[in-house]
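Trainee: As numbered in this note's numbering, residues 31 to 167 make up the sequence shown, in order.
Mind looking over this structure? Questions follow.
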Amino acid sequence: QLIEGEIPVLLDVGHNPEAVKTLVEYLTTTFPEKRIHAIFSMMKDKDIASVLEIMNPVIYDWFFVPLTNPRVATESMMRRIFSQSSVAKVSFGFTDFSEAYQAAKMQSQKGDLLLVFGSFLLVSDCLINLTESELTK
31 QLIEGEIPVL LDVGHNPEAV KTLVEYLTTT FPEKRIHAIF SMMKDKDIAS VLEIMNPVIY
91 DWFFVPLTNP RVATESMMRR IFSQSSVAKV SFGFTDFSEA YQAAKMQSQK GDLLLVFGSF
151 LLVSDCLINL TESELTK
């Protein structure tokens, strides 16, 4: 789902290597000149390392969101996985989606894209916590 605005927000539930390969193709075709800020979380039983490596070439910076679900990768798990990846710019320390979203938005400028992806729960948190008017401000 794409929510238009000065800084558009793309919501994608892709959470495996095959899905994110398709997402990368879509991003490079549809948004070739945009800086993409990823707001990200995943379940700990998914292939997180592969997803990071596939997505990293198109992502400008990453914002990890902790979710309240026992299946979700914790911040300490994600710190370890990110440190073993080729990802250079990642932000941690947020308590919820809203904090990560605001941080990503503050790093964005007109013409950028905010990408919320990696988990149905994350996209659900996005839709629950932010109204469309807040997303497009």
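Glycine is no exception: its CB is placed at the ideal position from the N, C-alpha and C atoms.
What's the gap between the Cα of Phe122 and the Cα of Val95?
Mentor: Their backbone Cα atoms lie some 8 Å apart in a straight line.
Trainee: Which of the three DSSP states is assigned to Ile89 in this structure?
Mentor: In the structure shown, Ile89 sits in coil (DSSP, three-state: anything other than H, G, I, E or B).
Trainee: Taking a contact to mean a Cβ-Cβ separation below 9 Å, would you say Phe147 touches Leu41 in this structure?
Mentor: Contact flag set, yes.
Trainee: Give the straight-line distance between the Cα atoms of Val43 and Leu152, rounded to the nearest whole angstrom.
Mentor: Straight-line Cα distance between these residues: approximately 8 Å.
Trainee: Note the first and the last residue of the continuous alpha helix (DSSP H) segment covering Asp155.
Mentor: Taken as a continuous stretch (DSSP letters only), the alpha helix (DSSP H) holding Asp155 covers Phe150 to Asn159.
Trainee: Leaving out the 5 sequence neighbours to the left and right, which residues in its chain are closer than 7 Å to Lys135 when beta-carbon positions are compared?
Mentor: Taken in chain order, the residues that qualify are Ile37 and Leu144.
Trainee: By how many angstroms is the C-alpha of Met108 removed from the C-alpha of Val120?
Mentor: The straight-line gap from Cα to Cα measures roughly 10 Å.
Trainee: For a quick check, are the C-beta atoms of Asp142 and His67 less than 9 Å apart?
Mentor: Contact: yes.
Trainee: Taking the DSSP output, what are the residues bridged to Asp142?
Mentor: According to DSSP, which records beta bridges pairwise, Asp142 is partnered with nothing at all.
Trainee: Determine the closest residue to Ile89 out of Phe150, Leu53 and Thr98, with distance taken between C-alpha atoms.
Mentor: Ranking Phe150, Leu53 and Thr98 by Cα distance to Ile89 puts Leu53 first.
Trainee: At the level of alpha carbons, what is the spacing between Ser163 and Gly35?
Mentor: In this predicted model, Ser163 has a pLDDT of only 48, less than 50, meaning its place in the structure is not dependable; the value taken from the coordinates is given anyway. Whole-angstrom Cα-Cα distance: 9 Å.
Trainee: Going by DSSP, which residues form a beta bridge with Ile37?
Mentor: Ile37 pairs with nothing; no bridge assigned.
Trainee: Less than 8 Å between the CB atoms is what I'm expecting for Leu169 and Ser149, so what's the real figure, rounded?
Mentor: Shown here, the chain extends from 31 to 167; a query on residue 169 therefore has no answer.
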